[in-house]
Every structure is written in C-alpha cells, then in structure tokens.
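The structure under discussion appears below in the form of structure tokens.
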Amino acid sequence: MPESATLLADKGYDSNAIREAAASKNAWANIPSRSNRKQSLPFSGWLYRQRNLVERFFNRIKHFRGIATRYDKCPENYLAAVKLICARIWCAA
C-alpha cells in the first residue's frame, strides 16, 4: 500500500491490526465499524459507496471467460486483453 493512501474495506476487515498497519503507512482506513465494536471510528459513507462502483466493474470484466479463467498466462497478453475488454465495456456504456 502506498504512503498516504486510503484503505477501503468492508466490515469483515474491521480489526485493530489492519487499522494499525494502515496507520503505519500514513494511510486512512475507511472501514465501517462492526456492530460489536465499543467505540465508533471515523468513516466516510460517500467514499465507501464509491467502492461499489469498482466492485461492479470487476464483476463485469469477469463475465468474459478468458479473463475470469485467465487462459493466457503471459502477463503482457493478459493485460492487453483486460484493456481491450475495458474499452469494449466503455464503448457499450
């Protein structure tokens, strides 16, 4: 994780160890607190909702069989296929 980044995760990753690891890198952990946590920690709901857009995009990429199963083992060819599919999704939108 790069310095001064924002860590976006869901409630499953709400642990003190993950928050401390993010703090050691000067990163802000935008993780909603679990219901059993005694104190509420700072959290941006708007930023958390933007994470959903990224998850939906990766889901659309996985609809293409060659990407989901990673038939092409060469990293350069795989990246080219991902870029091609991204352009196709973008043009269809």
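Residue numbers (full-length UniProt numbering): 1 to 93. In this text, a Cβ means the ideal position worked out from N, Cα and C, and glycines have one as well. All figures in this text were calculated on a predicted structure; none of them were measured in a lab.
Reduced DSSP secondary structure (H/G/I, E/B, other) of residue i
i   : result
A93 : coil
A80 : helix
A23 : helix
R37 : coil
F64 : coil
C86 : helix
W75 : In the sequence under discussion, the amino acid at residue 75 is Pro, which differs from the Trp named in the question. Note: P75 maps to helix in three-state DSSP.
R70 : coil
F43 : coil
Per DSSP, the bridge partner or partners of residue i
i  : result
T6 : W28
Residue i, buried or exposed, once every other Cβ within 10 Å from all chains shown has been counted against 16
i   : result
D14 : buried
A22 : buried
N77 : exposed
N30 : buried
Assumed close pair residue i, residue j - CB separation to whole angstroms, cut-off 8 Å
i   : j   : result
K11 : P42 : The Cβ separation is near 15 Å, so there is no contact.
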